[in-house]
Each structure stands twice: as C-alpha cells, then as structure tokens.
Amino acid sequence: MLIRRGISGISSKFLRNRSFSQSLLGSSHRLSREQGGGHSCSDSTTTHKGYVCRGTPYSFKSPLFGGFTHHLYHQSSSSSSVVEEELDPFSLVADELSLLSNKLRAMVVAEVPKLASAAEYFFKRGVEGKQFRPTILLLMATALNVRVPEALAAESADSISSELRVRQRGIAEITEMIHVASLLHDDVLDDADTRRGVGSLNFVMGNKISVLAGDFLLSRACVALAALKNTEVVSLLATVVEHLVTGETMQMTSTTDQRHSMDYYMQKTYYKTASLISNSCKAVALLAGQSAEVAMLAFEYGKNLGLAFQLIDDVLDFTGTSGSLGKGSLSDIRHGIITAPILFAMEEFPQLRKVVGQLEKDPTNVDIALEYLGKSNGIQRTRELAMEHANLAAAAIGSLPETDDEDVKRSRRALIDLTHRVITRNK
C-alpha cells in the first residue's frame, strides 16, 4: 500500500517498544525555528525533557512521519494542498449525529425511573454538547472508506457499506457513553456543581445516583461493544476504561515530584483524555479492515488531537469564564491540580513550587500562583505545545493513502479543520 508523501512504514512493534515519554514528547518531536518571524516561548530557547520550544513557525520530525514536514497553520494558501475550502465538520455528519443522539437516548433507558432519568441526563436535547468525539469518529469512518471489490454486485456493495457504517457508528455511540460515564464519575470526585452550563448530575441528584448512572452507562457500552463481535476492538475499548481509571488514580495519588513533572502530567492526560479518542479512531479503522499502518495513523490522529484538546482546556481553565466553559473557571488549580500552564511557569519561577504545594491548605496561594503565571510564558507555551500536537494530528491525516474519492477527501479536510478548531476555541 502506497502511503502519501514518502512516509515510512510504521511498525506496531516499534511503537509498542518506545517509552511513553519518548513517543509522546521525546525525540519523536523536535521543534525548530524556520526562516522568518515568530515569537519564542521565552527570551531564550527553552528545553524541557524531550522537546524544544523555539517559537513559531514549526517544523516537525518524528519516527512516525520520517522527514515529513507539515505546516498547517503557517503555510500560505497557495502552497497548501490539504485545506482547500472552509468546512464545518459537524455539518458534514449532522444527519448521522441526529440518528446517533436518538439511538443513545434509546440505549440508556432503564427500568428504574430515577436511574433512567440520571442516565439520560446528558443525552437530553440541548445538553448533549457538540458531540465532538462522535463527529471525529464518523468523519474518520468516511476518511478511511474501503472500496468494495468491483466483482460484487452494486446491491451487495451497498449492503456491505451500510452494514460497515452502522458498526462504525456503533463505535461512536459506545465512545460517547464511555465519555459521559467518565464525566459523571469525575464530577463526583471533583465535587463539581456545574457541567455543560447546567447543574452537574451529582449536584442535582446526589453522588450515589451519579456514580450508579455512570456505571450503568459503562454497562450499556459493554453490551453494545460485545455485539460488534470483534475481539480486537473489544480489547481496545476495554483498555480505554482501564486508562480512565488509571489516569484518575494517578491524579489522586501523585507525589509532589510527580505533580511537578511534565512527563507525568502528559501521561496522565493521555490516559484521561486522549486514550478514548485514539483507540476509538483505531477501532473504526480496524472495523473497516484497514492495514496496521493505516490503523496506527488513525490512532496517532486521535492521540495528538486529544492531547491538544486537553492542553487548550488547561489554558481555558485560566483564561475562560464559567459561562463559556460550562463549568467553573480555575477549577483545577482550586483543587490543587497542577496543569501545563503552571508547570511551565514553575520552570521560570522555581519558587512557585512551594506556592503550589500549599494550594489546598491555603486558598490565598491560588492568587499568588496566578500572579506568577501572569508574569510567565506558561499560557503561551501551553498553546504552542497544543499546536505541536494539533499539527501532528493533521500530519497523520495527510499521510493516509491517496484517494480520488471526493467524500473521503472532504472528510479528511474536515478532520484537519478540527485540529484548527481545537486550538483556537474559547470554550
């Protein structure tokens, strides 16, 4: 299979054998300044355990992409062959998202009225969110479209294509149930009182019902997953649930050194946010019968998009408002959770380490930490790291096998557009 733009073949064994920090932030990504303008992360080049931030525009090189260079956000329109038109990724799959929403509401019906009410709480019209993850997966399904052999009759081909699409949409449904279940559990652990602009379920109905509703959604996701009858896909999404628990436990039980480690933070972020998107994208590829190399490109897209998404979330926790975020701003730091902006600020101001160590004991330290953050390049450097991962996600789509199918190309452009939306969003 010919992979576009000279990308070297990917070996699953190679990727498995690399340490997490190497594959995520290590020698696989090197940022370098090109000719021309651009701002720097700080007055001098800043190096942090495996990546170098020297300003924008960026050029990325990695074992995954070989010498492939991608400039999604820094190239002129005349030199870009990827982004050809403005697309609304959500409108491309709007009809399917409507079907998916109705299916989800039907899937979470329960015999006990209070449990049913709790389980459907975030699937009701108006509070189901933008359905970001299902949108990614439906677009990925089209982007990885498999042509049916010409020998098959047209009617048979339509039947196979339709069946495959239903199964891939099933991954999107399962992913959304797992995601919402994790939100319900997280809100209990964080003692949150708002979510998606409304009262959180634990605030409205109590912690016990919220936990049980999350468990119920996970059980329904397992039933739907078993119905796919694909052991590799079942294993992938079961691993996601394990990662969600692992990530939350890492956050709750971290030592001081771990809380101050960027590597630890990124690993936890992968487990809590990016694993669901990456493994679900890979599952869509596997259901389509794609090769291991293409499945890994789908995985890399989801991983890097998920990391970029969370990095921007961490920025917005400091710069957004409660109304725009649908949750309380400064929620992480008020709970003593250290994220990328503060970690970068700590590199510039080592005395900040002592301040953040006292966050939960003395709430006034939050204001002191914010003062240090304001004087640092923490927000800027976090945005730049998010941009790096967004570009890597776009590069994965640009490296998929070539196609002449317009629907496939449109979906790929939409997936790339999502990487831009992720890093430019304000809510």
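Under our numbering, the first residue of the sequence shown carries the number 884, and numbering increases by one thereafter. Glycine is no exception: its CB is placed at the ideal position from the N, C-alpha and C atoms. Since we're looking at a predicted model, the values are computed, not measured.
Cβ-based burial, residue i [other Cβ within 10 Å; buried from 16]
i            : result
residue 1106 : exposed
residue 1237 : exposed
residue 1270 : buried
residue 1171 : buried
residue 1233 : exposed
residue 992  : exposed
residue 1176 : buried
residue 1001 : buried
residue 1189 : buried
residue 1102 : exposed
residue 1097 : buried
residue 1123 : buried
residue 1089 : exposed
residue 1007 : exposed
residue 1026 : buried
Through-space distance from residue j to residue i, alpha-carbon basis
i            : j            : result
residue 1274 : residue 1302 : 7 Å
residue 1191 : residue 996  : 39 Å
residue 1125 : residue 1262 : 31 Å
residue 1070 : residue 980  : 25 Å
residue 1250 : residue 971  : 39 Å
residue 1279 : residue 1151 : 23 Å
residue 1084 : residue 1004 : 7 Å
residue 1113 : residue 1239 : 46 Å
residue 974  : residue 1051 : 18 Å
residue 1300 : residue 1159 : 20 Å
residue 1265 : residue 1202 : 12 Å
residue 1017 : residue 1087 : 26 Å
residue 1134 : residue 1074 : 15 Å
residue 1291 : residue 1248 : 51 Å
residue 1091 : residue 1119 : 29 Å
residue 1288 : residue 1044 : 15 Å
Supposed contact pair residue j and residue i - C-beta distance, whole angstroms, cut 8 Å
i            : j            : result
residue 1309 : residue 1194 : Not quite, the Cβ-Cβ distance comes to about 14 Å (not below 8 Å), so this is no contact.
residue 1168 : residue 1181 : 4 Å
residue 1022 : residue 1226 : The Cβ separation is near 32 Å, so there is no contact.
residue 1109 : residue 1117 : 7 Å
Best match in the options for proximity to residue i [C-alpha to C-alpha]
i            : options                   : result
residue 988  : 1051, 1057, 1016 and 975  : 1057
residue 1246 : 1266, 1213 and 1102       : 1213
residue 1294 : 998, 1024, 982 and 992    : 1024
residue 1028 : 1286, 1305, 1304 and 1161 : 1286
residue 1217 : 1231, 1242, 1157 and 1183 : 1242
residue 1062 : 1104, 1174, 1052 and 1151 : 1104
residue 1256 : 1014, 998, 1228 and 1280  : 1228
residue 1267 : 1081, 1306 and 1073       : 1306
residue 1046 : 1116, 1096, 1111 and 1059 : 1111
residue 1094 : 1121, 1299 and 1066       : 1066
residue 1244 : 983, 1224, 1113 and 1219  : 1219
residue 1179 : 1161, 1226 and 1090       : 1161
residue 1014 : 998, 984 and 994          : 984
residue 1186 : 1202, 1174, 1196 and 1164 : 1164
residue 1304 : 1288, 1081, 1291 and 1277 : 1277
residue 1166 : 1300, 1054 and 982        : 1054
residue 1222 : 1074, 1143 and 1123       : 1143
residue 1128 : 1296, 1064, 1138 and 994  : 1064
residue 1313 : 1253, 1258, 1215 and 1248 : Nothing can be reported for residue 1313, as the shown portion of the chain is limited to 884 through 1310.
Secondary structure of residue i, DSSP reduced to three states
i            : result
residue 1177 : helix
residue 1016 : helix
residue 1124 : helix
residue 1131 : helix
residue 930  : With a pLDDT of only 35 at residue 930, under the threshold of 50, the placement of this residue in the model should not be trusted; the figure read from the coordinates follows. Looking at residue 930 - three-state DSSP - the assignment turns out to be strand.
residue 1308 : coil
residue 1082 : strand
residue 1152 : helix
residue 1259 : coil
residue 1005 : coil
residue 1285 : coil
residue 1233 : coil
residue 947  : Because the pLDDT at residue 947 is just 38, under 50, the model does not fix this residue reliably, and the value given afterwards should be weighed accordingly. Here residue 947 sits in coil by DSSP.
residue 1214 : helix
residue 895  : With a pLDDT of 35 at residue 895, under the threshold of 50, the modelled position of this residue cannot be trusted, and the question is left open.
residue 1221 : coil
residue 1141 : helix
residue 1163 : helix
Any C-beta of chain E under 9 Å from that of residue i
i            : result
residue 1296 : Within the model displayed, chain E is absent; a lone protein chain is all it includes.
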